[in-house]
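Just so we're aligned, residue 1 is where the sequence shown starts under the working numbering, counting upward by one.
Positions of the beta carbon are idealized from the N, C-alpha and C atoms, including for glycine.
First comes the structure, then the notes that go with it.
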Amino acid sequence: MNEKQRLEQTGQIQTADHPTDKKSALDALKKKTSKDYEKYFTSVFIPPNLKEAKKRGKEEVKYFKDFTIPEQFRGMGEGRKFYIRTYGCQMNEHDTEVMAGIFMALGYEPTDRPEDANVILLNTCAIRENAENKVFGEIGHLKPLKQNNPDLLLGVCGCMSQEESVVNKILKQYQYVDMIFGTHNIHRLPYILHEAYMSKEMVVEVWSKEGDVIENLPKARRGNIKAWVNIMYGCDKFCTYCIVPYTRGKERSRRPEDIIQEVRHLAAQGYKEITLLGQNVNAYGKDFTDMKYGLGDLMDELRKIDIPRIRFTTSHPRDFDDRLIEVLAKRGNLVEHIHLPVQSGSTEILKLMGRKYTREEYLELVRKIKAAIPDVALTTDIIVGFPNETEEQFEETLSLYREVEFDSAYTFIYSPREGTPAAKMVDNVSMEVKKERLQRLNALVNEISARKMKEYEGKVVEVLVEGESKNNPDVLAGYTRKNKLVNFIGPKSAIGKLVKVRITEAKTWTLNGEMVEEAIEVK
């Protein structure tokens, strides 16, 4: 079944009524209410609704392994260039690689200069309000380019596009945007581009249905050292503060044979490190109905592949099972670094967040991991200033951080997301208090990180060299198995290889060292 047949079968190809000129289209849009915008969505879009979202059924997801560029679109991009600006998480980085691959398969050339592009896409993030503000600011900055080049196509995609309020704002305030599409239909990019070239109105294609799992999508990966491999999509946890289950849909896993084949292919191409991706990566396989197969089983098979390093992100403590710990303890190419978001050290706040574990359950999981992998590097995410968080509850977060002794943490002030249950809670923690708590938490994070980094001085570590240092082209930079950034003097020929480096100086977040042997291949 090809793409056109699939879309016809599922009813996703619809004919829109188009005003005869762009001015008429824009005038019509100005008069519309939110409800009127439904006709501009390929499927009627429903704003975030916890009760309805939790009814999501498994039968809606389909698997397709035959993606190809439709014949009528091949060569569409000849003589044209594209530019994609990516915001947010590794999943967005991966989506950008897929879209870039599709662009190049259509004949487009990449450019890193927006002013040289014929198509500009903003691949957006909705996790925090600040991220959305940056995107709207960038859309505004691009307006002069659009005015100077009316043939330029400007598109907004990614998680923000799955939010009704965002789409409505673009339709009303940024009418020079040519296309809006979401997270579930990036494989439809050739059709969306074609419609944008031919249409006299803004093309909006956002699906409220769950995305399908589509294999053989082209990817334009950056370099040949490290690669993202998506193993699942979506999240079913519904933490009360998080928009992701609404923007990315329910959990749906790729088949293990497809993942294993992709990793083997990357190993054959000479990649040194693979990161397995998922919004809730250790829920992998829980949606399979024909077998019992989880992330631990997948990792056990991947560790047999001839590639130096394999890691994964991001995990949820509730789904981190004994089987996964058992497999990670076998080490080999499975690195000793686990990112394990805790969000708060208070059981009461964790309950308000809908995290579905207690402080003690999290600490027990940490004890299990450390017993199996004594030298593991644990990192985490923490939110401060969640509604109703008291000083005592914040102190519980600090005490948990001290007890676990995380290597580092991503720390954030709580940001309400429209449509989530937490956004309806009374935000009774003042911004002044939130900032003060963040400063205290960051001071602790820095203190423990500096102490842990100091322990590396005099030791020899394995470093995967990624390139020149951002601050000094005469210095090389790379990462250890535990994801520590190391800067050192060495030959450019070491880039892309694994080398041994003796650490001579430790800083709060980075290590300096000297190479103790020539670049080597470490299997």
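In whole angstroms, what separates the C-alpha of residue i from that of residue j?
{"i": "N133", "j": "K292", "result": "43 Å"}
{"i": "K492", "j": "R248", "result": "40 Å"}
{"i": "G203", "j": "L511", "result": "Reading the sequence as shown, one finds Val at residue 203 and not Gly. So the two alpha carbons sit approximately 49 Å from each other."}
{"i": "T240", "j": "F67", "result": "36 Å"}
{"i": "A131", "j": "V516", "result": "42 Å"}
{"i": "N149", "j": "A117", "result": "10 Å"}
{"i": "D290", "j": "R323", "result": "19 Å"}
{"i": "V327", "j": "Q147", "result": "56 Å"}
{"i": "T504", "j": "N483", "result": "18 Å"}
{"i": "M99", "j": "F181", "result": "12 Å"}
{"i": "G294", "j": "Y284", "result": "6 Å"}
{"i": "G354", "j": "R437", "result": "22 Å"}
{"i": "A422", "j": "V244", "result": "13 Å"}
{"i": "S469", "j": "A477", "result": "5 Å"}
{"i": "K81", "j": "N333", "result": "39 Å"}
{"i": "N472", "j": "F312", "result": "30 Å"}
{"i": "M179", "j": "R417", "result": "24 Å"}
{"i": "L365", "j": "M453", "result": "24 Å"}
{"i": "F412", "j": "G77", "result": "41 Å"}
{"i": "A105", "j": "P218", "result": "8 Å"}
{"i": "E195", "j": "E205", "result": "10 Å"}
{"i": "T275", "j": "R222", "result": "14 Å"}
{"i": "G79", "j": "G107", "result": "8 Å"}
{"i": "A506", "j": "T86", "result": "32 Å"}
{"i": "E273", "j": "C235", "result": "25 Å"}
{"i": "G420", "j": "V167", "result": "The sequence shown places Thr at residue 420, rather than the Gly named in the question. Approximately 17 Å between the Cα atoms of the pair."}
{"i": "F527", "j": "A377", "result": "For the chain, the structure presents residues 1 to 523; residue 527 sits outside this window and is missing."}
{"i": "D321", "j": "K368", "result": "10 Å"}
{"i": "E455", "j": "F103", "result": "47 Å"}
{"i": "N92", "j": "I325", "result": "28 Å"}
{"i": "H184", "j": "S161", "result": "11 Å"}
{"i": "Y479", "j": "N487", "result": "9 Å"}
{"i": "R481", "j": "V501", "result": "13 Å"}
Thinking C-beta only, is residue j closer than 8 Å to residue i?
{"i": "N230", "j": "H94", "result": "yes"}
{"i": "Q393", "j": "E457", "result": "no"}
{"i": "S449", "j": "T397", "result": "no"}
{"i": "I127", "j": "G88", "result": "yes"}
{"i": "V429", "j": "E389", "result": "yes"}
{"i": "I489", "j": "V499", "result": "no"}
{"i": "Q72", "j": "W228", "result": "no"}
{"i": "S461", "j": "S408", "result": "The sequence shown places Val at residue 461, rather than the Ser named in the question. No, these two residues do not count as a Cβ contact at 8 Å."}
{"i": "H316", "j": "T379", "result": "no"}
{"i": "G345", "j": "S399", "result": "yes"}
{"i": "I373", "j": "A329", "result": "yes"}
{"i": "I214", "j": "F64", "result": "yes"}
{"i": "V384", "j": "L441", "result": "yes"}
{"i": "L145", "j": "E97", "result": "no"}
{"i": "W271", "j": "I305", "result": "The sequence shown places Tyr at residue 271, not Trp. No, the pair does not count as a contact, with Cβ atoms beyond the cut-off."}
{"i": "K356", "j": "R318", "result": "yes"}
{"i": "V426", "j": "P387", "result": "yes"}
For residue i, count neighbouring Cβ atoms within 10 angstroms of its own Cβ and tell me buried if that reaches 16, exposed if not.
{"i": "E514", "result": "exposed"}
{"i": "K226", "result": "buried"}
{"i": "Y233", "result": "buried"}
{"i": "Q439", "result": "exposed"}
{"i": "H265", "result": "exposed"}
{"i": "A268", "result": "exposed"}
{"i": "R359", "result": "buried"}
{"i": "N224", "result": "exposed"}
{"i": "K424", "result": "exposed"}
{"i": "M431", "result": "exposed"}
{"i": "G496", "result": "buried"}
{"i": "H141", "result": "exposed"}
{"i": "Y410", "result": "exposed"}
{"i": "R451", "result": "exposed"}
{"i": "E559", "result": "The structure shown does not extend to residue 559, since the chain is modelled only from 1 to 523, so the question has no answer here."}
{"i": "E8", "result": "In this prediction, E8 scores a pLDDT of 40, lower than 50, which makes its location untrustworthy; the coordinate-derived value is nonetheless stated afterwards. Classification for E8: exposed."}
{"i": "L464", "result": "buried"}
If residue i and residue j are in contact, beta carbons under 8 Å, what's the gap, nearest whole angstrom?
{"i": "V61", "j": "R255", "result": "The Cβ separation is near 12 Å, so there is no contact."}
{"i": "R309", "j": "V342", "result": "Not quite, the Cβ-Cβ distance comes to about 25 Å (not below 8 Å), so this is no contact."}
{"i": "P190", "j": "P70", "result": "6 Å"}
{"i": "C157", "j": "I186", "result": "7 Å"}
{"i": "V177", "j": "L154", "result": "5 Å"}
{"i": "L237", "j": "N280", "result": "Before going further, note that residue 237 is Lys rather than Leu in the sequence given. K237 to N280, Cβ: 6 Å. Contact."}
Minimum length 4: unbroken alpha helix (DSSP H) runs contained in the segment 297-340 = The qualifying runs are 322-328.
Entirely within the segment 87-162 and at least 4 residues each: give me those alpha helix (DSSP H) ranges in chain order.
-> Listed in chain order, the alpha helix (DSSP H) elements of length 4 or more contained wholly in the segment 87-162 are 90-105, 129-141, 143-148.
Any chance you could list the alpha helix (DSSP H) runs of at least 4 consecutive residues sitting entirely within the segment 226-255, in chain order?
-> Fully enclosed alpha helix (DSSP H) runs of 4 or longer: 244-247.
What beta strand (DSSP E) runs, 3 residues minimum, are completely inside the segment 346-395?
-> Listed in chain order, they are 377-384.
Enumerated in chain order, which unbroken segments of the alpha helix (DSSP H) with a length of 4 residues or greater are wholly contained in the segment 420-455?
-> For the segment 420-455, the full-length alpha helix (DSSP H) segments reaching 4 residues or more read 431-454 along the chain.
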